[in-house]
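Visitor: Just passing along the structure, written as structure tokens.
Protein chains: 2
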Amino acid sequence: MTKLRGKAIVAQSGGPTAVINSSACGVIQTALGNPDVFTGVYGALNGILGVLDEDLMDLAKEDPGEIDRLRRSPSAALGSCRHKLKDLQKDRTDYERILGVFRAHDIRYFFYIGGNDSMDTAAKLGQLAREIDYEMIAVGVPKTIDNDLAFTDHCPGYGSVAKFTAASVMEAGRDTESLYTHDTCTVQEIMGRNAGWIAAAAGLARRSEEDAPHIILLPEVPFVIEKFIAQVQHSLKKYKRCFIACGEGVKTPDGRYLGEAGGSFATDAFGHAQLGGASDAVRAIIETKVGVKCRTNRAGTAQRNAMHFASATDVAEAYLVGAAAVEAALEGVNGKMITLVREGNGSDYRCTTGLAELEDVANGEKMLPAEFIGSDGISVTDAFRDYARPLLAGQAEVEIADDGLPVYARLAKHMVAKRTESR
Amino acid sequence: MTKLRGKAIVAQSGGPTAVINSSACGVIQTALGNPDVFTGVYGALNGILGVLDEDLMDLAKEDPGEIDRLRRSPSAALGSCRHKLKDLQKDRTDYERILGVFRAHDIRYFFYIGGNDSMDTAAKLGQLAREIDYEMIAVGVPKTIDNDLAFTDHCPGYGSVAKFTAASVMEAGRDTESLYTHDTCTVQEIMGRNAGWIAAAAGLARRSEEDAPHIILLPEVPFVIEKFIAQVQHSLKKYKRCFIACGEGVKTPDGRYLGEAGGSFATDAFGHAQLGGASDAVRAIIETKVGVKCRTNRAGTAQRNAMHFASATDVAEAYLVGAAAVEAALEGVNGKMITLVREGNGSDYRCTTGLAELEDVANGEKMLPAEFIGSDGISVTDAFRDYARPLLAGQAEVEIADDGLPVYARLAKHMVAKRTESR
Chain A
5 MTKLRGKAIV
15 AQSGGPTAVI
25 NSSACGVIQT
35 ALGNPDVFTG
45 VYGALNGILG
55 VLDEDLMDLA
65 KEDPGEIDRL
75 RRSPSAALGS
85 CRHKLKDLQK
95 DRTDYERILG
105 VFRAHDIRYF
115 FYIGGNDSMD
125 TAAKLGQLAR
135 EIDYEMIAVG
145 VPKTIDNDLA
155 FTDHCPGYGS
165 VAKFTAASVM
175 EAGRDTESLY
185 THDTCTVQEI
195 MGRNAGWIAA
205 AAGLARRSEE
215 DAPHIILLPE
225 VPFVIEKFIA
235 QVQHSLKKYK
245 RCFIACGEGV
255 KTPDGRYLGE
265 AGGSFATDAF
275 GHAQLGGASD
285 AVRAIIETKV
295 GVKCRTNRAG
305 TAQRNAMHFA
315 SATDVAEAYL
325 VGAAAVEAAL
335 EGVNGKMITL
345 VREGNGSDYR
355 CTTGLAELED
365 VANGEKMLPA
375 EFIGSDGISV
385 TDAFRDYARP
395 LLAGQAEVEI
405 ADDGLPVYAR
415 LAKHMVAKRT
425 ESR
Chain B
5 MTKLRGKAIV
15 AQSGGPTAVI
25 NSSACGVIQT
35 ALGNPDVFTG
45 VYGALNGILG
55 VLDEDLMDLA
65 KEDPGEIDRL
75 RRSPSAALGS
85 CRHKLKDLQK
95 DRTDYERILG
105 VFRAHDIRYF
115 FYIGGNDSMD
125 TAAKLGQLAR
135 EIDYEMIAVG
145 VPKTIDNDLA
155 FTDHCPGYGS
165 VAKFTAASVM
175 EAGRDTESLY
185 THDTCTVQEI
195 MGRNAGWIAA
205 AAGLARRSEE
215 DAPHIILLPE
225 VPFVIEKFIA
235 QVQHSLKKYK
245 RCFIACGEGV
255 KTPDGRYLGE
265 AGGSFATDAF
275 GHAQLGGASD
285 AVRAIIETKV
295 GVKCRTNRAG
305 TAQRNAMHFA
315 SATDVAEAYL
325 VGAAAVEAAL
335 EGVNGKMITL
345 VREGNGSDYR
355 CTTGLAELED
365 VANGEKMLPA
375 EFIGSDGISV
385 TDAFRDYARP
395 LLAGQAEVEI
405 ADDGLPVYAR
415 LAKHMVAKRT
425 ESR
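Taken in sequence, the protein lines are chains A and B.
Position 129 (the first sequence) corresponds to 133 in the working numbering; numbering is contiguous.
Position 198 (the second sequence) corresponds to 202 in the working numbering; numbering is contiguous.
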């Protein structure tokens, strides 16, 4: 079989992570190392939007040192997006436009770093390409802090957000511990809209019983207000304080997000509808129904980009899946996503890569399984700890300048001359 | 002069910091090293509350390894409090109770680690002790993330919160940079109720013009809504995004906190009174008056305890002031607070200790000076950068376990038998 020659393009999609650039670095460096196959290595500005708008950059023109620095730089250096393509069955315009841009630049390899939606996009592009006989290879690279992609043991990005979150809960937990006579409760809101993987990781901060978090609120466990109040009171009685790790996606038994459901809790509490997130609702409940002061912490986007305390394991694996995507493509693999395959656990933990169908990944979602959730519904099990611990291991190297702050990459973004009419 | 012999007591007060335990470690280790003078080394549980309640712990009984680990453990391991003593002129009860407890245990040395209020307490205790002829020595150890104590170049705790804040703004700034087509603005709320020192430190994240933060809102600069809207629009035009570092203590021209003033902004915006802090008010303004999506980040108590990315300079200086307090007391110094004295700047930065009157510190407050604030009111000057940079330098060592998470000290707290009736 003669290898398909042509340009490669890499794009990043969805919410940034600490290590999505490490994956991009793996793709770019491996592709640049195979000039016999890849006649160019392009990046799409802001994910699939950049392809639609033909905003392409020539990554071969970047300073190789800056490309290498991507390995230890957070967020999406190529730019990301949250653009959802139309349904291929109903409207092929976007997909045809993308393939039109690919054809105009002889782009034959598409490496898409993202979550479910991105895998769906890549799968459908491949499908249309086959239909119209445009020879191309699409390989997906998994990325999501949410850790909810199916067919992969875990997702690059998760280990680092888990590590930062657990350390942060550990540290803020010590704050509540020292000031319980004044600030008795603290709620820390943790990302994860549908799955509780990151909130669960906060549980790793709890090495001894009195450590924070005393209560973990997971999206997988319906929030029952009376039960919660009793749990807080129990913690106050036992530890004189209560630290709550609160998943942003926590829902009431009727399936509403706690933040939105605020209407019922907070109208009650303050006489007006509640804005804000789950942590604000939880605080309102504690202050009005339990009657103690409650603080809220919500690191927001800072948590998913915390490269300054990222997991070395995560950074290495993120690079690995990027490099593996290119290597798989070189072997003719098409329409697949690279997966992480765990071999051994604890100090025996090792990780290799595997493959899954893009379509399968697109349609799957991996919630926190029941055996990882404590029987009280507000803690994690040893099985979860065993699963999660190796993913946080090791301190990722970060370049620190004389001013004590990190040095992160920024690409020069050498834009490629357009060859098509604007859409 | 014969040296005063007796027990030493150390207490921690106010909001925890990443390094208040480093100072405690400096006090404890230096005091334990001088058993000829200090017949015992006690700690007060939860600051001055522990003295009032005679909740004292014998620190000599702690594992020396755990005492040493305090040097790199955040928050207040002895426990802290926000208890304000009554005015000595009006009600001497509390002060007499404290001296009664000191006398019962032959406590002759009082080392109080805290801010203005703590220095006030220590000063007044000393004053009353002289009046009633109870021989004792009180020395203050500066601590506050707010960096607003007078007579000291800077305060232990500031360098670390500044370092974490700047890194976090740098990282979240990259998030906004990559996702500007969706999440166009981000407001990160930063601690500092009265002074803008920490918010200013976010400015260190901005190495090039397009870096975050594009706007710094300082408590020292009145917030004028029309001006702010124009500044956001300018940033959107220039960078397609806007990242705002927002001091929690930002005030309107009539002196109300922005969070409280929400009434006017947010009733306007959402038809109901605004809860929450300054960042919620700023988000409401951006979403309704500028018309773009705005995220809010608020690390809360996690920011002031972020030992996982603390400044090595800060940790060393925090230990230094603790040790210096004991050494000063050994030389008969009384009624003073240890200060940090800067000698040289930039790569020549060195720091020694000095002394200030407790009373002077108690009555002073150091706002961000005008020469540190840019002429636009939303940036910091090179003079500030020169001042702040050395304080963030170096990575503090933290013990990391196999699970990738820090190991922080927790004292066993061997409580001392009570010798007085409860108050």
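Glycine included, every Cβ here is placed at the ideal spot set by N, Cα and C.
(1) Are the stretch 181 to 200 of chain A and the stretch 389 to 402 of chain A in contact at 8 Å, needing three or more beta carbon pairs?
(2) Just to make sure I have the definition right: I need the residues of chain B whose C-beta is within less than 8 Å of the C-beta of K167(A). Which are they?
(3) Under a Cβ-count criterion, where at least 16 other Cβ atoms within 10 Å of its own Cβ denotes burial, should R73(B) be classed as buried or exposed?
(4) Can you tell which of R134(A), P146(A), E135(A), Y138(A) has its C-alpha closest to the C-alpha of D121(A)?
(5) Can you give the Cα-Cα distance for Y116(A) and L129(A), rounded to whole angstroms?
(6) According to DSSP, which residues form a beta bridge with A171(A)?
(7) Alpha helix (DSSP H) containing T190(B): first to last residue?
(8) Could you tell me the alpha carbon to alpha carbon distance between N25(B) and K340(A), rounded to whole angstroms?
(9) Is C29(B) helix, strand or coil when you go by DSSP?
(10) Could you tell me which residues DSSP puts in a beta bridge with L344(B)?
(11) Who does V45(A) pair with in a DSSP beta bridge?
(12) Determine, for I248(A), whether the minimum Cβ-Cβ distance to residues of chain B falls below 8 Å.
(13) Measuring only between beta-carbons, confirm whether P160(A) sits less than 8 Å from chain B.
(14) Report yes if the C-beta distance between A154(A) and V330(A) is below 8 Å; otherwise report no.
(15) DSSP has Y323(A) in a bridge; who is on the other side?
(16) Using three-state DSSP, classify F155(B) as helix, strand or coil.
(17) Thinking G336(A) and V345(A) are a contact (beta carbons under 8 Å), I'd like their distance in whole angstroms, please.
(18) For P217(A), go through chain B and note every residue whose CB falls closer than 8 Å to its CB, in chain order.
(19) By a C-beta neighbour count over all protein chains shown, 10 Å radius and 16 as the cutoff for buried, is K11(B) buried or exposed?
(20) For the pair the stretch 29 to 42 of chain B and the stretch 84 to 100 of chain B, tell me if three or more CB-CB distances fall below 8 Å.
(21) Using beta carbons (cut-off 8 Å, strictly below), is D137(B) in contact with chain A?
(22) Excluding the 5 residues flanking G368(A) on each side, which residues of the same chain have their C-beta closer than 8 Å to its C-beta?
(23) Name the chain B residues that come within less than 8 Å of F313(A), Cβ to Cβ?
(24) Would you kindly work out how many angstroms separate the C-alpha atoms of A206(B) and P410(A), rounded to a whole number?
(25) Give me the Cβ distance between G118(A) and G83(A), rounded to the nearest whole Å; I'm assuming they're in contact under 8 Å.
(26) In chain order, what residues of the same chain have a beta carbon less than 8 Å from the beta carbon of T43(B), not counting five sequence neighbours either side?
(27) Please decide whether N301(A) counts as near chain B, where near means a Cβ-Cβ distance under 8 Å.
(28) Return yes when the Cβ of K422(B) is within less than 8 Å of the Cβ of E58(B), no when it is not.
(29) Can you tell me which of the three DSSP states I290(B) falls into?
(30) Rounded to a whole number of angstroms, what is the C-alpha to C-alpha distance between A328(A) and A400(A)?
(31) What does DSSP give as the partner residue(s) for V384(B) in the beta ladder?
(32) Could you tell me whether any Cβ in chain B is nearer than 8 Å to the Cβ of M174(A)?
(33) Got a sec? Which residues, its chain only, sit under 6 Å from C250(A) by beta carbon, not counting five neighbours each side?
(34) Helix, strand or coil: which one does DSSP assign to G339(A)?
(35) Closer than 6 Å by C-beta to H218(B): which residues in its own chain qualify, once you throw out the five before and the five after it? Chain order, please.
(36) With distances taken Cα to Cα, identify the nearest neighbour of F470(B) among L334(B), E135(B), G200(B), D179(B).
Guide: Inspection of the coordinates gives the following:
(1) The stretch 181 to 200 of chain A vs the stretch 389 to 402 of chain A: no contact.
(2) G408, L409
(3) buried
(4) Distances from the CA of D121(A) to each of R134(A), P146(A), E135(A), Y138(A) were compared; the closest alpha carbon is that of P146(A).
(5) 11 Å
(6) Per the DSSP secondary-structure output, A171(A) pairs with nothing in a beta bridge.
(7) Unbroken run through T190(B) is the beta strand (DSSP E), 189 to 194; no alpha helix (DSSP H).
(8) 52 Å
(9) helix
(10) DSSP output for L344(B) lists T357(B) as bridge partner(s).
(11) A12(A)
(12) no
(13) no
(14) no
(15) Paired residues: none, contrary to the question.
(16) coil
(17) The Cβ separation is near 20 Å, so there is no contact.
(18) The premise fails here: P217(A) is roughly 12 Å from chain B at the closest Cβ pair, so nothing lies under 8 Å.
(19) buried
(20) no
(21) no
(22) These residues qualify, in order along the chain: N120, L153, A154, F155.
(23) H312, F313
(24) 13 Å
(25) Going by Cβ atoms, the distance from G118(A) to G83(A) rounds to 13 Å, so no, they are not a contact pair.
(26) R9, G10, K11, D110
(27) Closer than 8 Å to some Cβ of chain B, the Cβ of N301(A) qualifies, so yes.
(28) Yes. Within cutoff.
(29) The answer is helix: DSSP assigns I290(B) an H, G or I state.
(30) 20 Å
(31) I377(B)
(32) Answer yes: the Cβ-Cβ gap between M174(A) and chain B drops below 8 Å somewhere.
(33) V191, E193, L221, A282, S283, V286
(34) coil
(35) S239, C246, F247
(36) The structure shown has nothing for residue 470(B), since chain B only spans 5 to 427.
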